[in-house]
Each structure stands twice: as structure tokens, then as C-alpha cells.
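The sequence shown begins at 2 in our numbering and counts up one residue at a time.
Glycine included, each C-beta is placed from N, C-alpha and C at the ideal position.
The model shown is predicted, which means the values in this text are computed figures rather than measured ones.
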Amino acid sequence: MSPDASRWRSAEAYDYLDELPASDLAWEYLRRNRDYQDDFQAAEREPEAAGRVARWGLRFPGRSSA
Numbered sequence: 002m003s004p005d006a007s008r009w010r011s012a013e014a015y016d017y018l019d020e021l022p023a024s025d026l027a028w029e030y031l032r033r034n035r036d037y038q039d040d041f042q043a044a045e046r047e048p049e050a051a052g053r054v055a056r057w058g059l060r061f062p063g064r065s066s067a
């Protein structure tokens, strides 16, 4: 889940941020967080590690809580 850094100096690459609702803006920054990326990858590999993503306030509708 590595971001494309090829255009990071281009202001136009970030124009879409001006129109995002707060929840989408939060996601844009959260998904770039290295700690979040590590927890997400662990949860994908190990179902018992899914609790690690709880610290990020994420919910996954449709997934069994059992």
C-alpha cells in the first residue's frame, strides 16, 4: 500500500483534497501512516490481529464480530 511518490511536488496532484469531506481527508492521511499500514497488513495476514486496527477507529461493516 505504498503511495505513488512520483508527483509529490506537483501542487495539482493535491487539488482534489480541496473538495473532500472530512472523513475522506482523514482517510487520505491515515492510509499513508506507516503504523497504520503495519497494523492493516498484520490484520490481513492474521485474523486474530484484527483487533490491532481498532486503535485507528475503523469499522468493517459486514464482517463477523465472532
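Query raised in the report: For A50, which residues of its own chain have a beta-carbon under 6 Å away from its beta-carbon, when the five flanking residues on both sides are left out?
Result: Along the sequence shown, read from residue 1 onward, the residue named residue 50 stands at position 49. Closer than 6 Å at Cβ, skipping near neighbours: A43 and A44.
Report task. Tell whether a beta-carbon distance below 8 Å holds between W57 and D40. Result -> In the sequence shown, residue 57 corresponds to position 56, counting from 1. In the sequence shown, residue 40 corresponds to position 39, counting from 1. Yes, they are a contact pair.
Query raised in the report: So what's G58 in DSSP terms, helix, strand or just coil?
Result: Translated into the one-based positions of the sequence shown, residue 58 becomes position 57. Of the three classes helix, strand and coil, the one that applies to G58 here is coil, per DSSP.
Query raised in the report: What is the DSSP secondary structure of D5, counted as helix, strand or coil?
Result: As a working mapping, residue 5 is identified with position 4 in the sequence shown. If DSSP states are grouped into helix, strand and coil, D5 belongs with coil.
Requested in this report: Express the C-alpha separation of R46 and P22 in angstroms, rounding to a whole number.
Outcome: The count along the sequence shown starts at 1 and reaches residue 22 at position 21. The count along the sequence shown starts at 1 and reaches residue 46 at position 45. About 31 Å.
Query raised in the report: Among V54, D16 and D19, which one has its Cα closest to the Cα of N34?
Result: Here residue 34 is taken as the residue at index 33 of the sequence shown, counted from 1. If we check each option's Cα against that of N34, V54 comes out closest.
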